[in-house]
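This report refers to the structure that appears directly beneath it.
Residue numbers (the working numbering): 12 to 126.
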């Protein structure tokens, strides 16, 4: 099966998803139905339709969940922004793609930044 597009779903602050169920009180931002009657519903998120190969757009070495993540590159990019606060750097998707508030909070706790 050839796929000519990708969907980028960003959960922002309050986004969520449900597998094989839906919220009775909310309309999904994106609902996907499958031949076997299964469903995947996304709520309170942004959805971007991408029609070019992801490798042309996405910086895999910056993605902390990618096998291609490059910690040396992350250090180099951090050093290029010496005045950036740790909390802002962690949420900068050009530095650490895929990091959100939960990971940010865990990192700040581990490096003992509590204010």
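Even glycine gets a Cβ: it sits at the ideal position worked out from N, Cα and C.
| message | Here's the rule: buried if 16 or more other CB atoms are within 10 angstroms of the residue's CB, otherwise exposed. What is residue 110? | response | buried
| residue 116 to residue 101 span [Cα, whole Å] | One C-alpha to the other measures close to 9 Å.
| message | What does the Cβ neighbour count give for residue 53, buried or exposed, with the cut at 16 atoms within 10 Å? | response | buried
| query | With distances taken from CA atoms, which of 17, 46, 58 is nearest residue 27? | reply | 58
| If you run the structure through DSSP and keep just helix, strand and coil, what is residue 50? | strand
| Cα-Cα separation, residue 37 to residue 83 | 43 Å
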